[in-house]
Amino acid sequence: MKAINKNLSLATAYKKWVDELDASNKPHPEYNSSGGKYYYDIIANLLWVQNGLCAYTEMYLADPEKFNPDKWKEGRFEPFKTLGQLDHYDSTLKKNKGWDWSNFFMIHSDVNMKQKRDRKVNYLLKPDKPGFLAAQHLQYDIDVHFFVPNIEGKNQEEIDFIRGEIDALGLNFEPIVDYRKKRLAPLFNRINFGRITTEEARNNLDCIPTAFEMGILQINK
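Heads up: the sequence shown begins at 784 in the numbering used here, then just goes up one per residue.
Shown next as structure tokens:
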């Protein structure tokens, strides 16, 4: 998972509304998913800044070009169909801050429904956190295609926190591990045998960039 610059520059009508809510220091209206007035504005802005990928697993959700700035009208975006679901990173904020921009990400639907749900998070792997760098916390095991904690310089408690976040965010959700293995193992083999360059392999991917880049680091050790 790459760092996300979660710039709220497109959904300006929503930004005005939520800023006024927060300035009043009152609870947000009840979160009602796609029934919310600014729901499609929020997910369109997220898909743009997330480059069309799940914020956690980096699986493909949508073509980000569909949401580029010239497609917006007065800070609003027309309803549309997409893969993925809007996730509250910290589910404990959903009751009183259900429309908080900083707590939203677009993620893979099955990860949201079957893995993350309302699991506790510890903010270590929140991709829009200032200074976030995945490599400080994660490594990629190219033998099993799992994300594992980067244990360098960490005590057992810190390692356990990372493992907990890997689990909560579905980074090793079994079907996605299977997908990464199917896509990446042949590319890594071809790179190893000099049949394709790293850049050519990189250009063959439209998703899972962090798994690829971390895998390349392991190959080059």
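All C-beta atoms in this analysis are idealised placements derived from N, C-alpha and C, irrespective of residue type, glycine included.
Remember, predicted model here, so these are calculated numbers, not experimental data.
- Just so you know, the alpha carbons of W800 and K897 end up roughly 32 Å apart.
- Pairing L793 with P847 gives a Cβ-Cβ distance that is not under 8 Å.
- In the structure shown, the three-state DSSP call for I1002 is helix.
- Membership of L869 in the beta strand (DSSP E) is indicated by the continuous run Q868 to H871.
- When the beta-carbon positions are compared, L954 and T795 stay at least 8 Å from each other.
- The beta carbon of G867 is closer than 7 Å to those of C837, L844, M889, I890, H891 and S892 in its chain, skipping five residues each way along the sequence.
- Remark: C-beta atoms of M842 and I959 approach each other more closely than 8 Å.
- With a threshold of 16 other beta carbon atoms within 10 Å, F971 meets it and is buried.
- In chain order, V832 place their CB closer than 7 Å to the CB of N790, counting only its own chain and leaving out the 5 sequence neighbours on each side.
- About 6 Å separates the beta carbon of T981 from that of I974, a gap short enough to meet the 8 Å contact definition.
- In its chain, beyond the 5 residues on either side, M889 have a beta carbon closer than 6 Å to the beta carbon of L829.
- At the C-beta level, I1002 and I925 come within 8 Å of one another.
- CA-to-CA, the gap between K964 and L988 works out to about 13 Å.
- Inter-segment contact for the segment 926-941 and the segment 863-883 is absent: fewer than three beta-carbon pairs are separated by less than 8 Å.
- Shown here for Y814: same chain residues with a beta carbon closer than 7 Å to its own, the five before and five after excluded, namely K877, G881 and W882 in chain order.
- Taking a C-beta distance under 8 Å as the contact criterion, V894 and Y872 do not qualify as a contact pair.
- According to DSSP, residue pairing for Y962 in a beta bridge does not occur.
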